[in-house]
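First the structure, in the form of structure tokens, and then the observations on it.
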Amino acid sequence: MICITTALIWEAKPIIEFYSMKLYHESPPFKVYRGEDIVLVVSGTGKVNAATATAHVLTLLDNLDDWAVVNIGICGTRSKNLPIGMPLLINRVIDNGTGREFFPDILLDHSMKEGNIMTYDRVIDEEADVPHDTQLLDMEAAGFFEGAAHFLPPHRIQAIKVVSDYADASIGIIDRHFIEKCIGDAMPYIDIFLTNLNTFLKTTLGNGLDHNDMVKLERIRSHLHLTSTQYYQLKDMAYRYKLMNKRDLPDFQNIMDMEIKVKQEGKRAFDMIKAVLLDE
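The numbering used here numbers the first residue of the sequence shown as 92 and each following residue consecutively.
In structure tokens form, the structure reads like this:
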């Protein structure tokens, strides 16, 4: 199932209409809409709002194993080679304020161009100094990824951004009608990606682990005293490992032989497992 976040209601409106979604939960300042196998939350602008709204909506969902989260919205660019209205699938996110980076794992075939995005704390104009290799500019992506990363692994956190301007005054006023049109015109691409992502969740993640795998993961969970969030992460990393490597999970006997007495020892052991499963 798919959870969508947008910054603006104008970005959300074409999506809500396309999937016949209805308001089902309101916890100010966030409104959450729901359709069949899909939910959407409107966060408001900025990194903090994006992170908070993403965490908020994910805590409302049952069984996070079944969900992926996708940030959808408009963005700016300095590249005139990217036409207004073009949707791009994000493959790298850079937080301009902190320098932190996020790398979504894109495991699906798709027809969209991929690109990186830099998140700023303010609206960027033609006077701002933007790194030459930065393709897209926004104010939410880094906050969204930071909020989602506490709940889900990288292959279930995605972002689609639609070019709305060139970070200058060349296209005139960006009003609600223009924003709705940008997202609305991109819906065929967005829908194909979300449909394929949902199918991937149902057919691969739901059946990717057998009984022996679950026994191994339960042993690790008990031995390391994992939290619910860590256990979700462990299972999804295991799914990804098997999907990408086409072989059985390691038995992690070296981890099971470790004596875990304090929280830091458990965290260190969990980081060792992550390094193996994510091939870091």
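The C-beta atom is built at its ideal place from N, Cα and C for all residues, glycine as well.
Every value quoted in this text rests on a predicted model; they were computed, and no experiment measured them.
Notebook entry, point to check: Ordered along the chain, which non-local residues of its own chain (more than five positions away) have a Cβ less than 8 Å from that of Pro-258?
Noted result: In the sequence shown, residue 258 corresponds to position 167, counting from 1. Reading off the sequence, residue 258 comes out as Ala, not Pro. Answer for Ala-258: Gly-167, Thr-168, Arg-169, Ile-215, Asp-216, Glu-217, Ala-219, Val-221, Leu-228, listed in chain order.
Next item on the list: For my contact list, Phe-121 and Val-132 are in at a C-beta cut-off of 8 Å; report their separation, rounded to the angstrom.
Entry: Within the sequence shown, numbered from 1, the residue matching residue 121 stands at position 30. Within the sequence shown, numbered from 1, the residue matching residue 132 stands at position 41. With 8 Å as the limit, Phe-121 and Val-132 qualify as a contact, their Cβ atoms being about 6 Å apart.
Checklist line | Length-filtered (3 minimum) beta strand (DSSP E) runs lying within the region 159-193 | finding: 159-168, 178-186
Next item on the list: Please state whether DSSP places Asn-154 in a helix, a strand or coil.
Entry: As a working note, residue 154 is residue 63 in the sequence shown. If DSSP states are grouped into helix, strand and coil, Asn-154 belongs with coil.
Margin query: How far does the beta strand (DSSP E) with Val-132 in it extend, from its first residue to its last?
Written below: As a first step, residue 132 is located in the sequence shown; it is residue number 41 there, counting from the start. Counting along the chain, the beta strand (DSSP E) containing Val-132 begins and ends at 129-133.
Checklist line | Residue range of the unbroken alpha helix (DSSP H) whose run includes Ala-103 | finding: Taking the sequence shown and counting its residues from 1, one reaches residue 103 at position 12. Ala-103 -> alpha helix (DSSP H) spans 100-109.
Check: Expressed to the nearest angstrom, what Euclidean distance is found between the alpha-carbon atoms of Asn-345 and Ala-146?
Finding: Here residue 345 refers to the residue found at position 254 when the sequence shown is read from its first residue. Here residue 146 refers to the residue found at position 55 when the sequence shown is read from its first residue. Answer to the nearest angstrom: the Cα atoms are 34 Å apart.
Next item on the list: Taking the CB atoms as reference points, tell me whether Val-160 and Ala-239 lie closer together than 7 Å.
Entry: Here the question's residue 160 lines up with position 69 in the sequence shown. Here the question's residue 239 lines up with position 148 in the sequence shown. Contact: yes.
Next item on the list: Assign Glu-231 to one of three DSSP states: helix, strand, or coil.
Entry: One-based indexing of the sequence shown puts residue 231 at position 140. Correct three-state label for Glu-231: coil.
Check: Taking buried to mean at least 16 other C-beta atoms within 10 Å of its own C-beta, is Ile-311 buried or exposed?
Finding: By one-based count along the sequence shown, residue 311 stands at place 220. Classification for Ile-311: buried.
Item checked: Classification of Lys-326 by the beta-carbon crowding that lies within 10 angstroms, buried from 16 upward -> One-based indexing of the sequence shown puts residue 326 at position 235. When all chains shown are included, Lys-326 counts as buried.
Margin query: Using 8 Å as the cut-off, can you tell me whether the region 201-211 makes contact with the region 170-188, which would need three or more C-beta pairs spanning the two stretches below that distance?
Written below: Counting Cβ pairs under 8 Å, three or more are found: they touch.
Item checked: From Gly-137, Ala-360, Leu-114, residue whose alpha carbon lies closest to that of Arg-213 -> The sequence position of residue 213 within the sequence shown is 122, counting from 1. Among Gly-137, Ala-360, Leu-114, the Cα nearest to that of Arg-213 is on Gly-137.
Note to self: Tell me whether the region 192-207 and the region 245-257 touch, counting them as touching only if at least three CB pairs, one residue from each stretch, are closer than 8 Å.
What the structure shows: yes
Next item on the list: Look up Ala-366 in the DSSP assignment and say whether it is helix, strand or coil.
Entry: One-based indexing of the sequence shown puts residue 366 at position 275. Note: Ala-366 maps to helix in three-state DSSP.
Check: Do you know whose CA, among Arg-359, Pro-105, Leu-369, lies nearest Met-328's CA?
Finding: On the sequence shown, position 237 is the one that residue 328 refers to. Of the listed residues, the one whose Cα sits closest to Met-328 is Leu-369.
Item checked: Which residues DSSP lists as bridging Leu-114, in chain order -> Within the sequence shown, numbered from 1, the residue matching residue 114 stands at position 23. BP columns for Leu-114 point to Tyr-124.
Item checked: Opening and closing residue of the beta strand (DSSP E) in which Ala-81 lies -> This structure gives no information on residue 81, because the portion of the chain shown stretches from 92 to 371.
Next item on the list: Check whether the Cβ atoms of Ile-163 and Ile-95 lie closer than 7 Å to each other.
Entry: Locating residue 163 in the sequence shown gives position 72, where the first residue counts as 1. Locating residue 95 in the sequence shown gives position 4, where the first residue counts as 1. Yes, the Cβ-Cβ distance between Ile-163 and Ile-95 is below 7 Å.
Next item on the list: In the DSSP assignment, find the alpha helix (DSSP H) that holds Met-335 and state where it starts and stops.
Entry: The count along the sequence shown starts at 1 and reaches residue 335 at position 244. Where Met-335 is concerned, the enclosing alpha helix (DSSP H) stretches over 319-336.
Checklist line | Counterpart residues of Lys-204 in DSSP-defined beta bridges | finding: Against the sequence shown, residue 204 aligns to sequence position 113. According to DSSP, which records beta bridges pairwise, Lys-204 is partnered with Leu-179.
Next item on the list: Within the same chain, show all residues whose beta-carbon is closer than 6 Å to that of Glu-271, passing over the 5 residues directly before and after it, in chain order.
Entry: Mapped onto the sequence shown, residue 271 falls at position 180. Cβ neighbours of Glu-271 beyond the five flanking positions: Trp-101, Lys-104, Pro-105.
Check: Which value, in whole angstroms, describes the spacing of the CA atoms of Met-92 and Leu-149?
Finding: Against the sequence shown, residue 92 aligns to sequence position 1. Against the sequence shown, residue 149 aligns to sequence position 58. Answer to the nearest angstrom: the Cα atoms are 12 Å apart.
Item checked: Opposing strand residues paired with Ile-96 [DSSP bridges] -> What you label residue 96 is simply residue 5 of the sequence shown in a count that begins at 1. For the record, residue 96 in the displayed sequence is Thr; it is not Ile. Looking at the DSSP assignment, Thr-96 forms a beta bridge with Val-132, Asn-162.
Check: Got a sec? Which residues, its chain only, sit under 6 Å from Tyr-322 by beta carbon, not counting five neighbours each side?
Finding: Reading the sequence shown from its first residue, position 231 is the one you call residue 322. The answer, listed in chain order, is Arg-312.
Item checked: Exposure of Pro-195, with buried meaning 16 or more beta-carbon neighbours within 10 Å -> Within the sequence shown, residue 195 is the residue found at index 104, counting from 1. By the 10 Å Cβ count, Pro-195 comes out buried.
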